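Some notes on the structure that comes next.
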Amino acid sequence: MTGQERQGPRRPESVAEFIGELRALKVVEGLSLRELQRRTGLPRSTIAYALRTDRPALPPWDRVAGLLRALGVAEEALPGWKADWTRLRLAPQDGRPEPLPGEPDAPGGAVGAPAPGPGPGEPGERSRPPRGVSRQRIAAHAVTLVLGACLGAGAVLALSGGAPAGVKAGFPVEEQPCPPPTANPRPSLRAPAAGAARTAKEPPAWVGRVTSGQEILSGTDVALPVLSPVTEGDALVVSIMLTSSCPGPVTVTDTQGDTFRIVGDETDAARHRTLILAAFGAHPLGTADSLRATYPHASKYHIAVDEFRGIGAAVGHAQAHGETGGTAFSTGSTRLECAAGDLMVGAVGTNTGSAPVFTAEWTAMPMLHLSSYRLTTAYRVVPAAQTCAATGTTTAQWAAAAVVFR
17 MTGQERQGPR
27 RPESVAEFIG
37 ELRALKVVEG
47 LSLRELQRRT
57 GLPRSTIAYA
67 LRTDRPALPP
77 WDRVAGLLRA
87 LGVAEEALPG
97 WKADWTRLRL
107 APQDGRPEPL
117 PGEPDAPGGA
127 VGAPAPGPGP
137 GEPGERSRPP
147 RGVSRQRIAA
157 HAVTLVLGAC
167 LGAGAVLALS
177 GGAPAGVKAG
187 FPVEEQPCPP
197 PTANPRPSLR
207 APAAGAARTA
217 KEPPAWVGRV
227 TSGQEILSGT
237 DVALPVLSPV
247 TEGDALVVSI
257 MLTSSCPGPV
267 TVTDTQGDTF
277 RIVGDETDAA
287 RHRTLILAAF
297 GAHPLGTADS
307 LRATYPHASK
317 YHIAVDEFRG
327 IGAAVGHAQA
337 HGETGGTAFS
347 TGSTRLECAA
357 GDLMVGAVGT
367 NTGSAPVFTA
377 EWTAMPMLHL
387 SSYRLTTAYR
397 VVPAAQTCAA
407 TGTTTAQWAA
417 AAVVFR
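Just so we're on the same page, our numbering is the position in the sequence shown counted from 1, plus 16.
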């Protein structure tokens, strides 16, 4: 396949043709499902279903874009693919798009020539009224279609309970319009009353990753099972990245009733939001327990929950964001004072570009990676009183939050 052919599909006229173009790229590149899984971060079953030509609709754009990048399609070619993806996603239910103004009704036909009717036994083609049909019949037909659409929409809403708040039909997941702007809750540095919080002068330390998850999912909540038991009295720090999100409250709860507060919150220009929440003096949690996060609309989530020992309050925070094409990230634009023995936790959400790398004094925690998106977290114990910042290198678009715990 030549470079020109790989710049995008040749105006596919159906879902099957679009998927066929993806499958052709896969054949040319000689990539297995296992290798595509490694490159995209998607489960193999998800990739296999995305490449089925008999599927009723195209996969979400983020999933398609991740596959295209994994298949070697250049970034500058993606807008052409997205234009065809959008056209087919908004096409009529028969699977073929409406012709553009001035185009023939069927491939190879002349402008203004009547489209040939379907042959005997050919399903799926909607019949068009003859050119000479009366205006009365057209009007009656239009009224019937409108009434049918209204009744059908009412039936769907009655069965499904309505669409999720803020999600509108006809919009790709990544381009959902947000409701009227509301201010994000300000980070809170108050430590909630915690009956079992540790009070001894115990040096702060990372205990381990309690649970994590990331998924391409248009939703507003997710439940994560506890994978590593939590010791009573320790602190839980939750790092979250929400992509293409909307302003609004984000909450985290667990099955033992611990209270989580937002202690860091930053949104970049592309509506990708990075947060840090914390609960102190946690109840003991076992593998039968779980945590639940609720948030405004997002096309993807990354959530990491970490257990720390020796901290009982958040005493300061800083946050910042930057555009793609730079070389570094830093929250240094906000002055943040640290004392000797304080614990700093940093979270950076990025899209495309290089993976963030914190400077040498930080200890990295497991990174969450989904398609071109990453949630990178790290911590450090401050050796002496100083002005602190979460700083490192990346060429990606980024949003970072840093919190000081004591």
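Backbone N, C-alpha and C define an ideal beta-carbon position, used for all residues, glycine too. All values derive from a computational prediction rather than experimental measurement.
In chain order, what are the residue ranges of uninterrupted beta strand (DSSP E) at least 3 long that sit wholly in the region 364-419?
384-386, 389-397 and 407-409
Could you have a look at P220 and say whether DSSP puts it in helix, strand or coil?
coil
Count the other C-beta atoms from every protein chain shown that fall within 10 angstroms of the C-beta of V43, then say buried if there are 16 or more, exposed otherwise.
exposed
Closer than 8 Å by C-beta to Q53: which residues in its own chain qualify, once you throw out the five before and the five after it? Chain order, please.
P59, R60 and I63
Do A412 and G348 come within 8 Å of each other at the CB atom, strictly closer than that value?
no
Using the Cα positions of L386 and I327, report the straight-line distance between them to the nearest angstrom.
31 Å
So who's on the other strand from G326, going by DSSP bridges?
Beta-bridge pairing links G326 to no other residue.
Compute the distance between the beta-carbons of G430 and P372, then report whether it is under 8 Å.
With the chain represented from 17 up to 422, any question about residue 430 goes unanswered, as that position is not in the structure.
Count the other CB atoms, across all protein chains shown, that sit within 10 Å of the CB of P28; report buried if there are 16 or more and exposed otherwise.
Of the residues assessed, P28 falls on the buried side of the cut-off, its CB having 16 or more other CB atoms within 10 angstroms.
How far does the beta strand (DSSP E) with V254 in it extend, from its first residue to its last?
A251 to T259
Name the residue from D237, V254 and A251 whose alpha carbon lies nearest to the alpha carbon of S261.
D237
For V226, tell me which candidate among L258, A298, E218 and R396 has the shortest Cα-Cα distance.
A298
Which residues does DSSP list as the beta-bridge partners of H333?
V419
Expressed to the nearest angstrom, what Euclidean distance is found between the alpha-carbon atoms of Q272 and Q335?
Spanning the two alpha carbons is a distance of roughly 30 Å.
Take R277 as the anchor and find which of R71, T269 and P245 has the nearest alpha-carbon.
T269
Restricting to runs no shorter than 4 residues, where is the alpha helix (DSSP H) found entirely within the region 37-95?
49-56, 60-66 and 77-86
So, helix, strand or coil for D284, using DSSP?
coil
According to DSSP, I278 sits in a beta bridge with which residue or residues?
DSSP lists L293 as the beta-bridge partner residues of I278.
Using DSSP with H/G/I as helix, E/B as strand and the rest coil, what is R225?
strand
Quick check on the DSSP output: the beta strand (DSSP E) that includes T267 runs from which residue to which?
T267 to D270
Smallest Cα separation from V397: which of M383, A221 and I292?
A221
What is the DSSP secondary structure of V321, reduced to helix, strand or coil?
Per DSSP, reduced to three states, the secondary structure at V321 is strand.
Alpha carbon to alpha carbon, how far is V420 from V279? Give it in angstroms, no decimals.
In this structure, the CA atom of V279 is about 9 Å from the CA atom of V420.
Can you pull the DSSP bridge partners for K316?
Bridge partners of K316: I232 and T259.
Judging by CA-CA distance, which residue of A40, D70, F34 and L47 is the nearest neighbour of W77?
When only C-alpha atoms are compared, the closest one is F34.
Given that a residue counts as buried once 16 or more other Cβ atoms are within 10 Å of its Cβ, and exposed if not, what is E51?
exposed
Please state whether DSSP places D237 in a helix, a strand or coil.
strand
What is the rounded straight-line gap between the Cα of T379 and the Cα of R422?
18 Å
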